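First comes the structure, then the notes that go with it.
Number of protein chains: 2
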Amino acid sequence: MKNITIFGKGNMAKVIAERFTQAGNTVEMFGSKDPVGKIGDIVVLAVPYAAVATILEANKVELEGKIIVDITNPVNFGTMDGLLVKADSSVTEEFAQLAPKSSLVKGFNTNFAYTLGGDKNTTVLLASDDVNAKNTLVDSLNGSGLDIVDAGSLKRARELEAIGFLQITLAIREKISWMAGFTLTK
Amino acid sequence: MKNITIFGKGNMAKVIAERFTQAGNTVEMFGSKDPVGKIGDIVVLAVPYAAVATILEANKVELEGKIIVDITNPVNFGTMDGLLVKADSSVTEEFAQLAPKSSLVKGFNTNFAYTLGGDKNTTVLLASDDVNAKNTLVDSLNGSGLDIVDAGSLKRARELEAIGFLQITLAIREKISWMAGFTLTK
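Residue numbers (our numbering), protein chains in the order written: chain A, 417 to 602; chain B, 417 to 602.
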């Protein structure tokens with residue numbers, strides 16, 4: 417059982433909170449206007465990409481030693497033709513630079529909110545250099561109904577962000593619905 | 417009904433040939449040591465990444481006006497940590513530079529050979545700037561049992577290559593089998 421802090425109160429924040437709760441963890445959610453209370457063992461950044469740096473900066477000390485899960489897709493919604501990140505990097509790698517004493521994990525960004533809701537069997541891909549952090553997430557989501565797959569090192573966040581981006585473009589272009597998307601079969 | 421030319425005689429070449437044949441097209445396959453005969457309307461490059469440039473160069477004139485489907489995943493097998501292409505590009509975009517009078521399409525690279533074989537319902541993602549070329553491929557694979565999805569412009573080959581790469585790393589790390597992988601639900 418872990419204490420989970422979720423920044424954000426949107427659709428993604430809610431379904432992720434439900435899954436952690438379902439697995440027996442305690443969850444606290446902070447919206448952008450809420451005062452931030454005690455921060456748990458695992459922190460989920462379920463906010464728009466542009467809001468992350470401010471959160472990392474404002475809670476720098478409290479976030480030290482914590483597992484931080486970055487679920488953002490830094491899509492350039494102006495062009496819908498790429499990401500707001502250098503081509504040879506990922507935003508999660510950039511966030512890791514901003515919070516060097518935390519364990520950054522990319523995850524949930526390849527899942528639409530609907531597929532994380534309810535009791536659907538959904539695969540969540542995690543990328544991180546911290547194997548213990550990934551194992552902690554697997555353990556704390558045991559019983560949530562989610563299938564957690566270790567997608568590799570933090571550098572693999574690049575591919576996870578590519579998948580997240582492509583999936584969003586496919587939904588916007590109505591090739592898939594917002595209730596579907598990429599799934600991983602084993 | 418189209419005439420299809422496939423460069424390559426490996427597993428991917430064979431299952432792609434089967435699907436085109438199943439849909440009523442004629443298919444001719446050329447191995448690396450075969451003399452190249454008449455080239456069809458649609459050309460599939462089912463060879464390793466490193467062999468593509470030579471094929472494009474050797475058949476420059478014959479390939480003009482043709483649809484060229486690049487299925488390669490330019491994985492750096494030395495490091496298994498990235499692709500052998502500039503981060504802000506894709507090999508298909510580079511091949512398009514080498515064959516400016518042909519219509520380059522990325523496709524089939526997100527599918528393992530097993531999932532393309534038999535009568536499995538498999539989704540194939542295509543990226544190209546040539547909408548007519550993608551429509552021709554959809555038409556010519558109608559009846560093949562494959563579900564062809566337009567993934568967008570040629571630039572989306574970057575994301576398709578990211579998916580192909582991640583999928584290979586997941587199989588090598590035994591997180592998934594070579595008979596599974598990413599699928600797209602609608």
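Glycine included, every Cβ here is placed at the ideal spot set by N, Cα and C.
Note that the coordinates shown come from a computational prediction; the quantities given were computed from them, not determined experimentally.
Residue i vs residue j beta-carbon contact at 8 angstroms
i        : j        : result
LYS602/A : ALA529/B : no
VAL688/A : LEU541/A : Absent from the structure is residue 688/A, since the part of chain A shown begins at 417 and ends at 602.
VAL463/A : VAL485/A : no
VAL459/A : LYS482/A : yes
SER556/A : ASN441/A : yes
PHE511/A : VAL468/A : yes
GLU614/A : VAL507/A : Coverage of chain A is limited to positions 417 through 602, which leaves residue 614/A absent and any answer about it impossible.
LEU479/A : ALA515/A : yes
ALA456/B : GLU444/B : Before going on, a small fix: residue 456/B reads as Gly here, not Ala. Their beta carbons are under 8 angstroms apart, which means GLY456/B touches GLU444/B by this criterion.
PHE598/B : LEU600/A : yes
PHE581/A : ASN489/A : yes
ALA549/A : SER593/A : no
ASN419/B : VAL452/B : no
DSSP bridge partner residues for residue i (one or two, in chain order)
i        : result
ALA567/B : According to DSSP, ALA567/B bridges with nothing at all.
ASN419/B : THR442/B
ILE458/A : ILE420/A, ILE483/A
THR599/A : THR599/B
ALA543/B : LYS522/B, GLY568/B
VAL431/A : In DSSP, VAL431/A forms no bridge with anything.
VAL554/A : DSSP output for VAL554/A lists no bridge partner at all.
VAL491/A : LEU499/A
Cβ-Cβ separation, residue j to residue i (assumed contact under 8 angstroms), whole Å
i        : j        : result
PHE524/B : ILE579/B : The pair is not a contact, with the Cβ atoms about 12 angstroms apart (cut-off 8 angstroms).
GLN583/A : THR526/A : 7 angstroms
ASP504/B : ALA503/A : 4 angstroms
ARG589/A : GLY447/B : The Cβ separation is near 38 angstroms, so there is no contact.
LYS571/A : ASP450/B : Contact flag wrong, Cβ pair sits at about 39 angstroms.
ASN537/B : GLY559/B : Contact flag wrong, Cβ pair sits at about 13 angstroms.
ALA573/B : GLU509/B : 6 angstroms
Where the alpha helix (DSSP H) containing residue i begins and where it ends
i        : result
VAL521/A : Not the alpha helix (DSSP H): VAL521/A falls in the beta strand (DSSP E), residues 519–523.
GLY580/A : 573–588
ALA466/A : 465–474
ALA512/A : 507–514
THR531/B : 529–532
Proximity test, Cβ basis, 8 angstroms: residue i and chain E
i        : result
PHE493/A : Of the protein chains in this structure, namely A and B, none is chain E.
Residue i: first and last residue of the uninterrupted beta strand (DSSP E) it sits in
i        : result
ILE484/A : 483–486
VAL501/B : Careful: VAL501/B lies outside any beta strand (DSSP E) and carries neither H nor E.
The ligand ATP heavy atom lying under 7 angstroms from the CB of residue i
i        : result
SER556/A : By its list of ligands, the structure shown contains no ligand whatsoever, and the ligand ATP lies outside what it can speak to.
Quick one, which residues of the region 554–578 of chain A are near chain B if we go by CB-CB under 8 angstroms, in chain order?
The region 554–578 of chain A vs chain B, Cβ under 8 angstroms: VAL565, ASP566, ALA567, GLY568, SER569, LYS571, ARG572, ARG574, GLU575, LEU576, ALA578.
According to a CB-to-CB cut-off of less than 8 angstroms, which residues of the region 441–453 of chain A neighbour chain B?
So the list is empty, because no residue satisfies the distance condition.
With 8 angstroms as the limit, tell me which residues of the region 584–599 of chain B have their beta carbon closer than that to any beta carbon of chain A; keep them in chain order.
THR585, LEU586, ARG589, LYS591, ILE592, SER593, ALA596, GLY597, PHE598, THR599
What residues from the region 495–517 of chain A come within 9 angstroms of chain B, judged by C-beta to C-beta, listed N to C?
ASP497, GLY498, LYS502, ALA503, ASP504, SER505
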